[in-house]
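Numbering (this note's numbering), first residue to last: 41 to 237.
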């Protein structure tokens, strides 16, 4: 199909589009549920923390085979083709495209979105088109102009490696505690669906 401002267009399959909409809505629910879980359970006590969301990443064939071998899925056709990851953290990660970082302060009324960076090839969409979003546009500009400022320590972040290690030993000593800090949301390939006559 025709190309608009460098973005290739394709004809939409109604069933696949509907599947993607359902998948998107489910992921929004999963993100909100995990965020609420962190707020309610305070995995780092009364210390502020971050929720790092790594948007859709492909799952390699070897990873899909491993998921079957680990017993998480019965066969490879049922495994996800991609995953979205969320991680509660004490420190800011490196800012990278296709991620969102949210700061959670226990007792505060609201959380604060520090950045929301889409995939790099989509940046122009979020700055000038009907998809324009001030937060995303500001995040993209900050990433381009002052990435270190985006990643800078905040007042209540651990300042040294020893302080960070001590806090992690206090709050995430066991594998079970560490597992509660990470959530994987599977994204499945669209299934072939017969169109009713």
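Glycine included, C-beta positions come from ideal geometry on N, C-alpha and C.
Does the Cβ of residue i lie closer than 6 Å to at least one heavy atom of the ligand ATP?
{"i": "residue 143", "result": "With respect to the ligand ATP, the structure offers nothing, as it holds no ligand at all."}
Nearest CA to the CA of residue i: which residue from the options?
{"i": "residue 181", "options": "101, 94, 167", "result": "167"}
{"i": "residue 150", "options": "226, 83, 88", "result": "88"}
Using a Cβ-Cβ distance under 7 Å, would residue i count as near chain B?
{"i": "residue 174", "result": "The structure shown contains no chain B; it is built from a single protein chain."}
Determine whether the beta carbon atoms of residue i and residue j lie at a separation below 7 Å.
{"i": "residue 124", "j": "residue 74", "result": "no"}
{"i": "residue 244", "j": "residue 129", "result": "What is shown of the chain runs 41 to 237, which leaves residue 244 out entirely."}
{"i": "residue 114", "j": "residue 225", "result": "no"}
{"i": "residue 146", "j": "residue 86", "result": "yes"}
Count the other C-beta atoms from every protein chain shown that fall within 10 angstroms of the C-beta of residue i, then say buried if there are 16 or more, exposed otherwise.
{"i": "residue 120", "result": "buried"}
{"i": "residue 116", "result": "exposed"}
{"i": "residue 175", "result": "exposed"}
{"i": "residue 239", "result": "Residue 239 lies beyond the stretch modelled for the chain, which goes from 41 to 237, so this question has no answer here."}
{"i": "residue 172", "result": "exposed"}
{"i": "residue 161", "result": "exposed"}
{"i": "residue 223", "result": "buried"}
{"i": "residue 179", "result": "buried"}
Check the C-beta distance from residue i over to residue j and give it rounded, since I have them as a contact under 8 Å.
{"i": "residue 133", "j": "residue 211", "result": "So it is not a contact: roughly 17 Å between Cβ atoms."}
{"i": "residue 131", "j": "residue 197", "result": "6 Å"}
{"i": "residue 106", "j": "residue 227", "result": "So it is not a contact: roughly 17 Å between Cβ atoms."}
{"i": "residue 199", "j": "residue 193", "result": "7 Å"}
{"i": "residue 79", "j": "residue 144", "result": "6 Å"}
- request: Pair every Cβ in the segment 149–169 with every Cβ in the segment 131–141, then say whether three or more of these pairs are closer than 8 Å.
  value: The answer is yes - the segment 131–141 touches the segment 149–169, with three or more Cβ pairs under 8 Å.
message: For the structure I just gave you, are there three or more beta carbon pairs, one from the segment 123–138 and one from the segment 94–103, closer than 8 Å?
response: Yes, the segment 123–138 touches the segment 94–103.
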